[in-house]
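Engineer: Heads up, the sequence shown is in the working numbering, so the first residue is 11 and it goes up one at a time.
We treat Cβ as the ideally placed atom computed from N, Cα and C, and that holds for glycine.
Predicted model only: the values in this text are computed from it and were never measured.
Attaching a single structure in structure tokens format; questions to follow.
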Amino acid sequence: MTTTKERQILFTGAMVRALLAGTKTQTRRIIKSPTGTFEINSTLDMKQCWLNVTDANEQAVRPLMCPYGQPGERLWVRENLFWSEHEDGWCYQADNDMLECEYSEAPILQKPLKSFIPSMHMPRVASRILLEIVAVRVERLQDISADDSVAEGVEVSHRDTSGMPWYKLPGWEKPINVSDAKIVYQHIWETINGADSWKANPWVWVVEFRKVQKGADNV
């Protein structure tokens, strides 16, 4: 049993596949203020950021820790599960692989009353992906670079005769007809967070990580 601090984190099916392929090593999550609106003043040791929190009465500066953890801590991945009548067992929706754990270890996995378990209810014992945080920083969403877009899971489809890369969404056979990885990442972001979420250009936590081993092996 590991003594390293762990937290759970949810990913979509496409992002799970990118994690399994080893092509996704970053995630961006919107910074949520405890109250009011805020602006970032500075970062502290890459673990904290100072927020200017504005409420109805006054402005106050306070530190806010990254809720996803600090370098060296771990994230176990939650993803959607479904019951396969063909396999007579639970499978991961992202790629149809079967769970390799004892159902008796989690009540929700025993004789299913429903045929689907959303990611937010997936038990720890069923997690197959464990990530170790290597860095945390803060930035505006639209400040993401082309290289970081690829680290977020955007795939290189092919290179043209000049060597210019063209990009596609994770798992898509056909490329989006652009040579800018940020445009593809914008599509991914809006698919997850809503049509106007990119335009809002929020402050985000940038969490960089490496995959260590199957999550269920570290219970």
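For residue 15, which of 120, 193, 211 and 79 has the nearest alpha-carbon?
Structural biologist: Walking along the sequence shown from the start, residue 15 turns up at place 5. Measuring from the Cα of residue 15, the nearest candidate turns out to be 79.
Engineer: At which residues does the alpha helix (DSSP H) containing residue 173 begin and terminate?
Structural biologist: Indexing the sequence shown from 1 puts residue 173 at position 163. No alpha helix (DSSP H) holds residue 173; DSSP gives it neither H nor E.
Engineer: Given that a residue counts as buried once 16 or more other Cβ atoms are within 10 Å of its Cβ, and exposed if not, what is residue 157?
Structural biologist: On the sequence shown, position 147 is the one that residue 157 refers to. By the neighbour-count rule (16 or more Cβ atoms within 10 Å), residue 157 is not buried but exposed.
Engineer: Does the segment 188 to 201 come close enough to the segment 149 to 168 that 3 or more CB-CB pairs lie under 8 Å?
Structural biologist: Because the criterion of three Cβ pairs below 8 Å is met, the segment 149 to 168 and the segment 188 to 201 touch.
Engineer: Quick check on DSSP: helix, strand or coil for residue 200?
Structural biologist: Walking along the sequence shown from the start, residue 200 turns up at place 190. Reduced to three states, the DSSP call for residue 200 is helix.
Engineer: Between the C-alpha atoms of residue 95 and residue 120, what's the straight-line distance to the nearest angstrom?
Structural biologist: Taking the first residue of the sequence shown as 1, we reach residue 95 at position 85. Taking the first residue of the sequence shown as 1, we reach residue 120 at position 110. Approximately 14 Å, taken between the alpha carbons.
Engineer: For the alpha helix (DSSP H) holding residue 160, just list the boundary residues, first then last.
Structural biologist: Residue 160 sits at position 150 when you count from the first residue of the sequence shown. Segment 156 to 161, the alpha helix (DSSP H) holding residue 160.
Engineer: Give me the Cα-Cα distance between residue 19 and residue 87, rounded to the nearest whole angstrom.
Structural biologist: Numbered from 1 along the sequence shown, position 9 holds the residue referred to as residue 19. Numbered from 1 along the sequence shown, position 77 holds the residue referred to as residue 87. Cα to Cα, the separation comes out at about 5 Å.
Engineer: With a CB to CB cut of under 6 Å and the five nearest residues on each side skipped, what residues in its chain are close to residue 23?
Structural biologist: Your numbering for residue 23 matches position 13 in the sequence shown. Once the five neighbours on either side are set aside, the close Cβ partners of residue 23 are 103 and 104.
Engineer: Using C-beta distances below 8 Å, list every residue in its chain close to residue 219, excluding the 5 sequence neighbours before and after it, in chain order.
Structural biologist: Sequence index remark: in the sequence shown, residue 219 carries index 209 (1-based). Around residue 219: 35, 36, 37, 85, 141, 142, 143 and 144.
Engineer: With residue 175 and residue 163 assumed to form a contact (beta carbons below 8 Å), what rounded beta-carbon distance in angstroms separates them?
Structural biologist: Position 165 of the sequence shown, counting from 1, holds the residue named residue 175. Position 153 of the sequence shown, counting from 1, holds the residue named residue 163. 15 Å between Cβ atoms; not a contact.
Engineer: Roughly how many angstroms separate the alpha carbons of residue 202 and residue 125, rounded to a whole number?
Structural biologist: On the sequence shown, residue 202 is found 192 positions in, with the first residue counted as 1. On the sequence shown, residue 125 is found 115 positions in, with the first residue counted as 1. When rounded, the distance between both Cα atoms is 24 Å.
Engineer: I need the boundaries of the beta strand (DSSP E) containing residue 220, first residue and last residue.
Structural biologist: Here the question's residue 220 lines up with position 210 in the sequence shown. Run containing residue 220: 213 to 223, per the beta strand (DSSP E) assignment.
Engineer: Report the CB separation of residue 149 from residue 216 in whole angstroms; it is logged as a contact under 8 Å.
Structural biologist: One-based indexing of the sequence shown puts residue 149 at position 139. One-based indexing of the sequence shown puts residue 216 at position 206. Between residue 216 and residue 149 the Cβ distance is about 6 Å, and since that is below 8 Å, they are a contact.
Engineer: Would residue 91 and residue 25 be called neighbours here (beta carbons separated by less than 8 Å)?
Structural biologist: Taking the sequence shown and counting its residues from 1, one reaches residue 91 at position 81. Taking the sequence shown and counting its residues from 1, one reaches residue 25 at position 15. Not closer than 8 Å, so no.
Engineer: From residue 170 to residue 42, what distance separates their C-alpha atoms?
Structural biologist: Counted from its first residue, the sequence shown places residue 170 at position 160. Counted from its first residue, the sequence shown places residue 42 at position 32. Their Cα atoms are separated by approximately 41 Å.
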